[in-house]
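Residues -20 to -1, 1 to 619 (mature numbering (1 follows the signal peptide of the UniProt record, and there is no 0)) are what the sequence shown spells out, left to right.
For reference, the structure discussed in these notes is given below.
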Amino acid sequence: MALRCKIATALLALVTAACASISQRTLVHERRSAHHEAEWAKRDRVPASHSFEMRIGLRQRNLHRGYELLMDVADPASANYGRHWTQDEIAGMFSPSAETVNLAKDWVVASGIETARIAHGASGGWLVFNATVDEAEKLLGASYWLYENDDGQVMAGCDEYRIPAQLAEHIDFVYPGVVMAESRTSPRPRRNRRSVKRSEPTNMANKRQDSTSCAEVVTPDCIANLYEIPPADKAHPNNSFGLYERECWYQDEDLDLFFSNYAPDIPVGTRPLNLSIDLAVWHYNESDTSISIPSEADLDTEVAYPIVYPQNITVYQVDDEYYHLYQVQYTGLFNTFLDAIDGSYCNYSAYNETGDDPTYDAVYPDTHTVVTPTNPEPFDPGTYKGERMCGVYKPTNVISMSWGKAERSFSVNYQMRQCDEFMKLGLQGVTVVASSGDSGPIASLQCATLDLGTFWASSPGNCPYVTSVGATMLQADGSERVARDDTWASSGGFSRYYTAPAYQQSALATYFADHDPGFGDSYFNRSGRGIPDISAVGYNIAVAVAGELGTADGTSASTPLVGAMINRVNEERLAIGKGPVGFINPVLYANPTIFNDITIGNNSACRVTGFQAVEGWDPTTGLGTVQYPKLLEIFMDLP
């Protein structure tokens, strides 16, 4: 009898355990915010038979150690300085654990979805399977609806969803869910594009050698003299200079016009290596008058070439023509580029973000057609119908990004996931430089619609793993001041999303102790990451645009200038058997005496008094500008 009772008790325990593995206590994992509810109106239920590609983002390991790990190879005081990681080593450190994968898979199978339907992504960061709406609602305890915004864009998702409590620490994100899947997008008119500021073209070819005119037109000779940059004589096969570009293209004729007038040592016909991402077009010919071409890509290439040549430039051009020309909701930055240089980024999960975010980013395969007033029949504007390009290119040692937006433009989670990817690039020995922006302390020049009592930093320079670059302007005596006029001002300030990293804390503490700006706490985050880190001239820069010589302003000029200088440093290190410098901020802040301290000017904009330039680091020009020989000496002395 006792034996029979023990057997019965054991069987009961087994049954109870089996039931517990299926019918677990659940909790709400994500819920739609009031902000999303205000932007998206709920319409109809998604039919139960409709099918989704479901993605379950698995939580990465060790992201909390990212700063520590990067400092181990980037801090000049570290014994491991310069010992950069491989992509496989990075994947091994951060990929989800086997326990996480198995628990998530068991949960999906217990809901009735067969194991054979579940794929574990090659990056290790996600599970993917096709499921009907009925199956998805059963799995997540959710109801799927169609939502529409004021622009007519329709997305499918849910207000909230639930997962087992024991999986909360293992699952980062389920898609589609609170982050919605595209259902239907109406054709959009061509969106306004960011363009650098231009003056009216003038006859400036004869001023190339006239150093006294540099305040009026900053030619390559002016830049070389200002920062003591000698002509380059090296071109290591693994050291092309990288430029991120979108929605704008360089023109062949403009490059040749620029070389002929301002850089005669560069042969006419010299061109970048163009890497197209998701069917991006990288340049147009002058004869194509149907395309309106802004000057961003012309400026980037024309600033960089005279510094790095005979080294070449690699242009990473992103996204197809539909997103460039017709989709106003396409506001995201960098994700499709990061996909292309790191296959794991395509789908890994962090901060409740898995892969690209369709709220901001281009979606591929792209099946859109459009109609226009002159072409009422739906047509394909040049869409990319393949899967996203994941891990197809290698990153260059230095990547310059002239694009950016106010950090309030994207969710905290969206930016933090990107920021961690910049950390991983730093671990690999990649330097990422990004513009601080052209809008003073408020990161936008839409003055009428802004809360002018709230300052914002710009993204991605707000990320502590990126080198943020501000801009200066030359005065008649050849000295530099903060770049600013009636239409723009070099941006700088303090992040509301990221705290000040340890490498920067001493500089910021000195700034607040000696030069407190006096604004109330509501204006900015006093404990935030400060930008910019460094500056360079970015006003009245000589360019050739649309077949004419002119000048351009902005941190879009100073950023590739700084990036090109770092690329030159890498050339010299590679020539003696050393590696690239990688993440440079710890070295910069450890050597403040190498900088030209900019103490004149401010970055006021939109009738708002901005920050003042002062002695030491400040939120207008950072540590200041730097002479190339001093920069080179510091890095050549490191392992």
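Every residue, glycine too, gets a C-beta built ideally from N, C-alpha and C.
Small disclaimer: the values here were computed from a predicted structure and weren't measured.
In the DSSP assignment, Thr112 falls within the unbroken beta strand (DSSP E) covering Trp106 to Thr112. Collapsing the DSSP output to three states places Met369 in coil.
If you compare the alpha carbons of Asp52, Gly105 and Gly92 with that of Ala71, the shortest gap goes to Gly105.
If one requires a minimum length of 3 residues, no beta strand (DSSP E) run lies completely within the region 59 to 86.
In this structure, Ala451 sits near Gly518, with a CB-CB distance shorter than 8 angstroms. Between Ile422 and Cys586, the CB-CB gap stays under 8 angstroms. With contacts defined as CB atoms closer than 8 angstroms, Lys365 and Pro345 qualify as a contacting pair.
Between the region 337 to 351 and the region 302 to 312, the count of Cβ pairs shorter than 8 angstroms is three or higher; the stretches touch. For the 8 angstroms CB-CB criterion, Glu333 and Phe153 form a contact. Along the region 21 to 62, the alpha helix (DSSP H) occurs as fully enclosed runs of 4 or more residues at 46 to 54, listed in sequence order. For Ser220, no alpha helix (DSSP H) segment is defined, and its DSSP state is neither H nor E. The three-state secondary structure of His100, taken from DSSP, is strand.
Exclusion of the five residues before and after Glu208 leaves Gln607, Tyr608 and Pro609 as the residues of its chain whose Cβ lies within less than 7 angstroms of its Cβ. Setting aside the 5 residues that flank it on each side, Ala320 is surrounded in the same chain by Ile257, Met369, Val372 and Tyr373, each with a C-beta closer than 6 angstroms to its C-beta; the list follows chain order. Collapsing the DSSP output to three states places Asn254 in a strand. Secondary structure of Lys385 (DSSP, three-state): strand. For Ala204, the secondary structure class from DSSP, reduced to helix, strand or coil, is helix.
Between Gly473 and Ile514, the CB-CB gap reaches or exceeds 8 angstroms.
Under DSSP, Cys138 forms a beta bridge with Tyr124. Looking at the backbone, the Cα of Val81 and that of Cys138 are separated by about 24 angstroms. Inter-segment contact for the region 467 to 483 and the region 598 to 607 is present: three or more beta-carbon pairs are separated by less than 8 angstroms. Taken through DSSP and simplified to helix, strand or coil, Gly409 comes out as coil.
With fewer than three CB-CB distances shorter than 8 angstroms, the region 490 to 506 does not count as touching the region 523 to 539. By the Cβ-count criterion, His150 is buried, with 16 or more other Cβ atoms from all chains shown falling within 10 Å of its own Cβ. It is roughly 5 angstroms from the alpha-carbon of Tyr155 to the alpha-carbon of Arg35. Taking Met403 as the centre and dropping the five residues before and after it, the same chain places the C-beta of Gly46, Leu50 and Tyr445 closer than 7 angstroms to its C-beta, in chain order. If you compare the alpha carbons of Leu259, Asp201, Leu488 and Arg397 with that of Glu367, the shortest gap goes to Leu259. Assignment of Tyr310 by DSSP, reduced to helix, strand and coil, places it in the coil class.
Judged by their CB atoms, Ala414 and Val449 are nearer to each other than the 8 angstroms cut-off. Check the Cα spacing between Phe239 and each of Val197, Tyr289, Asp213 and Glu276: the tightest is with Tyr289.
The secondary-structure analysis by DSSP pairs Ala516 across a beta bridge with Ala451.
Taking C-beta atoms as the reference points, Pro244 and Ala570 fail to come closer than 8 angstroms.
Across the set Tyr325, Leu43, Val159 and Ala148, the C-alpha of Ala148 shows the shortest separation from the C-alpha of Trp87. CA-to-CA, the gap between Phe615 and Val561 works out to about 7 angstroms. Checking the DSSP bridge columns, you'll see Gln146 has no partner listed.
Rounded to the nearest whole angstrom, the C-alpha separation of Ser382 and Val89 is 46 angstroms.
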